[in-house]
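Each protein sequence line maps, in turn, to chains A and B.
Heads up: the first sequence begins at 1 in my numbering, then just goes up one per residue.
Heads up: the second sequence begins at 1 in my numbering, then just goes up one per residue.
Glycine included, every Cβ here is placed at the ideal spot set by N, Cα and C.
Some notes on the structure that comes next.
Number of protein chains: 2
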Amino acid sequence: MNRHQKEKADEASGQGRPTLKTLAFMTGLGVTTVSRALKDAPEIGAETRRRVQLVAKQIGYRPNRAGVRLRTGKTNVISLVLNTEHEIMSFVSDIIYGVSEVIADTPYHLIVTPYSRSQDPLDPIRYLVETGSADGVIISRTQPNDPRARYMLERGIPFATHGRTDMGLIHPYHDFDNYAFAAEAVRHLAGLGRRRLALLAPPVELTYHGHTLAGFADALSEVGASEIPFNTVSIDHSIEQIRMRTAQLMRRESRPDGFISSAAAATLAIVAGIEDAGLKLGRDVDVVSKQSSELLHLFRSELLVVNENFRLAGAELARSVLGWIGGAAPGTLQSLSEPGEVQAYRRPD
Amino acid sequence: MNRHQKEKADEASGQGRPTLKTLAFMTGLGVTTVSRALKDAPEIGAETRRRVQLVAKQIGYRPNRAGVRLRTGKTNVISLVLNTEHEIMSFVSDIIYGVSEVIADTPYHLIVTPYSRSQDPLDPIRYLVETGSADGVIISRTQPNDPRARYMLERGIPFATHGRTDMGLIHPYHDFDNYAFAAEAVRHLAGLGRRRLALLAPPVELTYHGHTLAGFADALSEVGASEIPFNTVSIDHSIEQIRMRTAQLMRRESRPDGFISSAAAATLAIVAGIEDAGLKLGRDVDVVSKQSSELLHLFRSELLVVNENFRLAGAELARSVLGWIGGAAPGTLQSLSEPGEVQAYRRPD
DNA sequence: GCTATATACTGAAACGTTACAGATTGTCAC
DNA sequence: GTGACAATCTGTAACGTTTCAGTATATAGC
């Protein structure tokens, strides 16, 4: 053993985190061989492969992310891009948990990339792409003509959108079927004898605003009910504004006898507005609302709810992005979640 | 210009992402000089420094994270470690937004590291430390004797805890003053003539369980009120269980005339339980609850609330970790957030 | 006994960065 | 004119990984 080799050995047996060099020294092989043995390359003997993998497991070898990333450009990172002002609360944590669930036994890390209202929504995307900070991206608040999706499609970076686009371009997405939700809600209200329905919709710029309106309109004509316009507010407005507008609406002669709400927080405001006007839920008016956690029935037992599972959405989105990174065709990574039945309150046993 | 230099130049002017080499070529300097000029090293001439920085800005140079990380070990990552089952929803997103706000104009990225109930809470921490995946860590669900804090303290990795420990060890934290919250709540209820108070506390293993109980007990004896034990459930229990236990309690002869609740979701269950027992909020019993968003008053206007700002907590936690990374003394990075007044509902104008 | 070919392994280079150890000037004291 | 010293800049090596271009040995064909 010459001086050069001696030094190498000394380094490799040092107590720092084990590297390929450590493994190479311990097995008596070259780093190249070790590197290949660990990824089951065919040109490595079966016996050697097993031996290397055994030693690696024994000493708890874990590839250095910076080394891999520098050499290959692979970051092993998925970025979830969030709007810090608009995103509804519970929504966010559920999505995060869903994503986490899926990437838990992969080498991927989840980084949260925020942007605020004041910024161009493209800013964080540009940052991610320009700096190569992620292998895949998940975005929400998807628009029919979404510049972010277009941008990422142009650059060839894998992504998935929460909600669909409408640009004639194919990309992975997960969406809740808001057309079906609105239509079912209308039918349910019609079944209760309600005939004059108001819709508190998502903000116009988002794709699912259109879906929701279409489901609402189609079912209205199907059941022969009519719409009471309520489009001066959306679920993005403040609780106070929604409450006030609802109260105003309910004091009119031509008030609705049914509401459909696209978000649980907004529903609280609607109910408050209804009661501000001196009317009673279940008697003067019925409300069907989406919710993502089972809380609305505690709020008012007269509420009618449809559940939207955001944890599932997060999981599906993560699966889609990983699939695209893994080489699957984007068109095969799209999913739509169907709403369950409209649920009335059932008293606990 | 010899062949060797020519090649270098060709590479450096290529259209890939600019690196130090690109800058070195453009300015006619060496990479070492450029590297130093960018970080304002004193041995670089003022004029050169300006020139390099100007060019860097012009062509949008951004240091390659993998390069820095490999060379220095600095990850520029803060990890937020979350329990995917227990963490209350809105809570999580607010903390994330708070952290994001603070690290927005730093080179730091936020990664979310989840762990589930089935796992040892130390697992994710060990992973982060062993793989050197983060420069700083934020943990929640802090316990009086917290193995995670102890572990990180031993390894010398900067972290901050949401909630305090009680091990005689010094580390950064941010906490809400739950002692003051419980005490104020008791005083407020006593002021309304309530004398028999029940507390729905945090789970026993968390540090703030103790704080809350202490504030509750101290104020009880101060105002001469008594406790109706309600310790078969905590805010970690399911909505259904809390509701059922509350209803049971309220049907007893010795029922409380006041409740204090440490979490908004649990408060919904308490109110439901109260009403299940045929009693009326504000008449038979008053409830003081913490909340992190202004929703409880919409739920029942009779509720009394104290606000806890989790976005602020996230921001403080991020500042603490960054401070520690930056070399500040851990003991100077501790903060306690005082609760505001107990708020009754005020009708909107 | 020779070449061709497959098998199993290896060293060197490169990704972008920073730290170390110089190298080249110019200035000043004497 | 010489030595000392500060000011400013530079090349090389290293972090851990993968890829490229081999090398060495054994097997087979003829």
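Boundaries (first-last residue) of the alpha helix (DSSP H) holding residue i
i	result
D276 (chain A)	264-276
K21 (chain A)	20-27
S35 (chain B)	31-38
Q143 (chain A)	First-last for Q143 (chain A): undefined, no H or E at that position.
V223 (chain A)	207-223
L54 (chain A)	46-59
Test: residue i CB closer than 8 Å to a CB of chain B
i	result
V92 (chain A)	yes
D10 (chain A)	Here D10 (chain A) scores only 47 on pLDDT, less than 50, and its place in the model should not be relied on; the value that follows carries that caveat. No, no contact with chain B.
L20 (chain A)	no
S100 (chain A)	yes
V112 (chain A)	yes
L23 (chain A)	no
L70 (chain A)	yes
T48 (chain A)	no
I139 (chain A)	no
T131 (chain A)	yes
R346 (chain A)	no
E7 (chain A)	Unreliable positioning characterises E7 (chain A) in this predicted model, as indicated by a pLDDT of 46, which lies under 50. A coordinate reading is not provided.
H109 (chain A)	yes
Assumed close pair residue i, residue j - CB separation to whole angstroms, cut-off 8 Å
i	j	result
A182 (chain A)	I260 (chain A)	6 Å
T161 (chain B)	I125 (chain B)	That belief does not hold up - the Cβ atoms of T161 (chain B) and I125 (chain B) are roughly 12 Å apart, past 8 Å.
A66 (chain B)	R49 (chain B)	Not really, about 26 Å apart at Cβ, beyond 8 Å.
R252 (chain B)	A219 (chain B)	Not a contact, Cβ separation roughly 23 Å.
R148 (chain A)	L122 (chain A)	6 Å
V99 (chain A)	L80 (chain A)	6 Å
A266 (chain B)	I242 (chain B)	5 Å
Within-8 Å CB hit, residue i to chain A
i	result
G67 (chain B)	yes
N2 (chain B)	At N2 (chain B), the pLDDT of 34 sits below 50, so the modelled position is not reliable; the number obtained from the coordinates is stated separately. By this cut-off, N2 (chain B) is not an interface position.
F299 (chain B)	yes
T106 (chain B)	no
E294 (chain B)	yes
A329 (chain B)	no
H237 (chain B)	no
R62 (chain B)	yes
T84 (chain B)	yes
H162 (chain B)	no
L268 (chain B)	yes
A272 (chain B)	yes
Y97 (chain B)	yes
A219 (chain B)	no
A265 (chain B)	yes
H171 (chain B)	no
Counterpart residues of residue i in DSSP-defined beta bridges
i	result
F181 (chain B)	Per DSSP, none; premise fails for F181 (chain B).
E227 (chain A)	A:L197
S335 (chain B)	B:H174
Endpoints, the beta strand (DSSP E) within which residue i is located
i	result
V342 (chain A)	Here V342 (chain A) belongs to no beta strand (DSSP E), and DSSP marks it neither H nor E.
L197 (chain B)	196-200
T161 (chain A)	159-162
V137 (chain B)	136-139
What are the complete alpha helix (DSSP H) segments, minimum 4 residues, inside the segment 70-132 of chain A?
89-103, 122-130
For the segment 230-316 of chain B, which segments carrying the alpha helix (DSSP H) assignment without a break, of at least 4 residues, lie completely within its bounds, in sequence order?
239-251, 264-276, 296-299
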